[in-house]
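Peer 1: In our numbering, the protein residues as written are 1 to 115.
Ideal Cβ placement from N, Cα and C applies to all residues, glycine included.
I have a structure here, written as structure tokens, and I will follow up with some questions on it.
Below, the structure written as structure tokens:
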């Protein structure tokens, strides 16, 4: 009973429904005028790469992991400068730089072995 009532409801609109017809007979459809900022395949690829990156970050050494999480804001906090990370960890800024460089190289090697 509910399905019959819903089928008769004029609230359902097809995305291919013509909303305007030009003089030459071409149709303008709902799909043509509704913006689509969401790209499914790009979103899926982004989520997959993000998951891989999170897994790889967990495989770094403890110090490398800390530096990467703090520097790039991957722990839900805003990214910090090398100087701020150095102060938090009680090490020099240049040491933070070396740790970060080594960790980024290790992550790149895992993400793109062909490089």
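1. Name the residue from 57, 92, 93 whose alpha carbon lies nearest to the alpha carbon of residue 109.
2. Does the distance from the CB of residue 64 to the CB of residue 99 come in under 7 angstroms?
3. From which residue to which residue does the alpha helix (DSSP H) around residue 88 run?
4. From residue 32 to residue 14, what distance separates their C-alpha atoms?
5. Could you tell me the alpha carbon to alpha carbon distance between residue 76 and residue 59, rounded to whole angstroms?
6. Using a Cβ-Cβ cutoff of less than 6 angstroms, which residues in the same chain neighbour residue 93 once the five nearest sequence positions on both sides are dropped?
7. Which value, in whole angstroms, describes the spacing of the CA atoms of residue 104 and residue 95?
Peer 2: Answer, in terms of the structure:
1. For the options 57, 92, 93, the alpha carbon positioned closest to that of residue 109 is the one of 57.
2. Going by C-beta atoms, residue 64 is nearer than 7 angstroms to residue 99.
3. Where residue 88 is concerned, the enclosing alpha helix (DSSP H) stretches over 82-89.
4. Spanning the two alpha carbons is a distance of roughly 12 angstroms.
5. Distance between residue 76 and residue 59, taken at the CA atoms: about 19 angstroms.
6. Only 82, 83, 86 meet the Cβ criterion.
7. Spanning the two alpha carbons is a distance of roughly 14 angstroms.
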